[in-house]
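For the sequence shown, numbering that gives the first Met the number 0 assigns the number 0 to the initial residue and increments by one for each residue that follows.
All remarks here apply to the structure that follows.
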Amino acid sequence: MSNPSKLTAMFNARCPHCHEGRLFKYKWWNVLNFAQMHEHCPSCDVRYEVEPGFFYGAMYISYAFTVGIMLVGGILVFNFLNDPPAEGYVVPITTVSLLLVPANFRTARVLFIHWFSGLKYDPSAAAKHENS
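Rendered as structure tokens:
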């Protein structure tokens with residue numbers, strides 16, 4: 000990777016240890032497999048799930064995103080649809096929330112592994128794995 004910054008690695012869903020290996024096996028638009036992660040980094044072989052149940056914590060980040068989506072959706076519906084009946088809120092907000100599940104899920108996991116895994120960037124991690 001040409002730019003090894005943590006922000007770039009997070010944006011591209013890369014390994015927090017080497018900033019090269021992909022976290023997920025498939026692209027986010029693969030609706031049936033968007034959640035499948037590699038167990039180990041393909042570049043440096045670090046294990047992504049640092050302890051059993053590690054990614055349960057990402058649910059809190061995902062929950063915060065969902066609340067934000069619903070809050071913004073409710074404000075937009077109220078302002079642009081002139082306070083419709085209950086169905087006028089439920090249908091568009093639920094539809095948008097469901098369409099954003101893949102992005103929400105993946106973003107929460109990427110943020111969680113980069114912020115809470117304890118894995119620090121090592122520029123030589125991928126090279127060490129290739130030499131062994």
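Ideal placement from N, C-alpha and C gives every residue a C-beta, glycine not left out.
From a predicted model like this one, the values you see are computed outputs, not experimental measurements.
Could you give the distance in angstroms between the alpha-carbon of residue i and the alpha-carbon of residue j?
{"i": "D82", "j": "A57", "result": "34 Å"}
{"i": "Y86", "j": "V95", "result": "Rather than Tyr, the amino acid found at residue 86 in this sequence is Glu. Near 14 Å, if we compare the C-alpha coordinates of V95 and E86."}
{"i": "W28", "j": "P101", "result": "7 Å"}
{"i": "K24", "j": "C17", "result": "17 Å"}
{"i": "G67", "j": "I92", "result": "11 Å"}
{"i": "V76", "j": "V89", "result": "10 Å"}
State the start and end residues of the unbroken alpha helix (DSSP H) segment that holds residue i.
{"i": "E86", "result": "85-98"}
{"i": "G67", "result": "57-79"}
{"i": "L6", "result": "5-10"}
Helix, strand or coil: which one does DSSP assign to residue i?
{"i": "H39", "result": "strand"}
{"i": "F53", "result": "helix"}
{"i": "M0", "result": "Note that M0 scores a pLDDT of 45, beneath 50, so its modelled location is shaky and nothing firm can be said."}
{"i": "F33", "result": "coil"}
Counting contacts by CB-CB distance shorter than 9 Å, is residue i in contact with chain D?
{"i": "N103", "result": "This model lacks chain D altogether; it includes just one protein chain."}
Confirm, please, whether the CB-CB distance from residue j to residue i is below 9 Å.
{"i": "S61", "j": "F104", "result": "yes"}
{"i": "F54", "j": "R108", "result": "yes"}
{"i": "V45", "j": "L110", "result": "no"}
{"i": "M9", "j": "H113", "result": "yes"}
{"i": "S116", "j": "V71", "result": "no"}
By Cβ distance below 7 Å, which residues in the same chain neighbour residue i in space, the five residues on each side in sequence not counted?
{"i": "P122", "result": "P3"}
Please list, in chain order, all residues of the same chain as residue i whose beta carbon is under 6 Å from its beta carbon, the five residues on each side excluded.
{"i": "C14", "result": "G20, C40"}
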